[in-house]
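Okay, so here's the structure we're looking at.
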Amino acid sequence: MLQDSGDPASVPETSTTVEEPIAPKPPEGLDLGTATGVTLGLGLFWAIAMKWSRPHWRAGAARESAIGTDSWTLPDLLAAFLVFFFGQIIGAAVISPITELRYWQVLSAMLFGGVLSAGFIGLVVRRKYLASWAELGIDRAKRPFRDLTLCLTVSIGLMLFFIPGLVVFCEWLLELVVDDGQSDIRGWLIRQDSIPGIPSGSEGWALRISAIVLAPIFEELLFRGFAIEVLGRRFGPWPALWISSAVFAFVHGEAFIPLFALGLAFGWLYIWRGNLLLPIAAHFFNNFLTITLLAEQ
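This is the structure we're talking about:
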């Protein structure tokens, strides 16, 4: 493309410069080739694992449901989401007059939203359909050591290898198709910049409690246990996995692609083993390792 060189009075009228096309460069850090290889390799591994694993879940026919497949309704799921999010609003509003510290507000919001949604889900499961908590996979693990080892392995593989590789690859890919003026889209899809580091003092402990303890329990109960159960009874286990993972990533408001990948992994653990304790443990390990690494920065 031809471009004027600057002030027309300082150069001859025929003077022009040629702007060489610049190829998009991968972000600094992880090498693009390595990131692509890791992403594709682990993605293929997950695809094979999902394809060949035999689901130990109700829709997978390994364990019969005590209630009919027509008894779980989409309005029940929508109501559970509304209770969760309105509960978070109430929790933040309750504590905001007391403190303006962000992560204490996050802790209060997660506690209110989680407890209210868990209570609502309990009413639906226990009172409306007269079912047990085992319907949501809340059951004792038959091989706890093996299952916990699996969760830890999944968490380490996701955090140290798959997610960084996926982020670098997607950033490079978005450089090809997204203009610089659309950086907000790029940030929403890939980056999670809301936690630059771990604050000190009581606010740091509020962040740890909400992210490491409360979020794995309440989010997995809603997004994996209840959402996959309701969606799976209508669309099958794998559509339920994709839909619930997309909603899980979308409601966080940032880093859609990495969180979608996490949702797929946590949901796969639930569908594969039929036990909600596994995605809770994997979510716990992931957040614990992430918080620990951030604290060292």
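Okay, so the sequence shown: first residue is 155 according to our numbering, each after it adds one.
Don't be surprised by glycine CBs; every beta carbon is placed ideally from N, CA and C.
Backbone CA spacing between residue i and residue j [nearest angstrom]
i	j	result
Leu314	Lys282	43 angstroms
Ile397	Pro251	37 angstroms
Pro412	Ser271	25 angstroms
His406	Ala285	31 angstroms
Ile445	Ala436	14 angstroms
Ala234	Leu327	36 angstroms
Phe240	Trp226	22 angstroms
Gly273	Ile425	23 angstroms
Ser364	Pro353	14 angstroms
Gln137	Met264	Not covered by the structure: residue 137. The range shown for the chain is 155 to 451.
Gly268	Glu329	38 angstroms
Val237	Leu447	33 angstroms
Pro370	Leu423	14 angstroms
Phe299	Trp392	27 angstroms
Leu277	Val331	47 angstroms
Closest Cα partner of residue i within the set the options
i	options	result
Pro229	Ile344, Leu385 and Asn440	Leu385
Ile275	Leu423, Phe389 and Phe372	Phe372
Val321	Leu265, Phe414 and Arg427	Phe414
Ile317	Leu418, Phe240, Pro393 and Pro433	Leu418
Leu395	Pro298, Phe377 and Phe404	Phe377
Asn441	Leu368, Leu423 and Gly379	Leu368
Gly291	Leu447, Pro433 and Leu443	Pro433
Leu255	Leu312, Phe380 and Leu361	Leu361
Thr253	Arg297, Leu231, Ser356 and Phe238	Ser356
Residues near residue i by beta carbon distance below 7 angstroms, same chain, minus five either side
i	result
Ile249	Trp258, Gln259 and Ser262
Phe439	Cys305, Leu306 and Ser309
Ser399	Phe414, Gly417, Leu418 and Gly421
Trp287	Val279
Phe410	Trp342, Leu343, Ala403 and Phe404
Asp101	With the chain covering 155 to 451 only, the question about residue 101 has no answer from this structure.
Glu374	Phe420, Leu430, Pro433, Ile434 and His437
Ala246	Gln259, Ser262 and Ala263
Min CB distance residue i to chain B below 8 angstroms
i	result
Pro229	The structure shown contains no chain B; it holds only a single protein chain.
Contacting residues, own chain, Cβ-Cβ under 6 angstroms from residue i (five flanking each side not counted)
i	result
Ile244	Phe266
Trp359	none
Ala215	With a pLDDT of only 34 at Ala215, under the threshold of 50, the placement of this residue in the model should not be trusted; the figure read from the coordinates follows. So the list is empty, once near-sequence residues are dropped.
Distance between beta carbons of residue j and residue i, contact taken as under 8 angstroms
i	j	result
Asp301	Arg388	About 28 angstroms separates the two Cβ atoms, so there is no contact after all.
Glu383	Glu325	That pair is no contact at about 35 angstroms.
Cβ-based neighbour list, residue i, same chain, cut-off 8 angstroms, excluding 5 preceding and 5 following
i	result
Leu231	Phe380, Ala381, Val384 and Leu385
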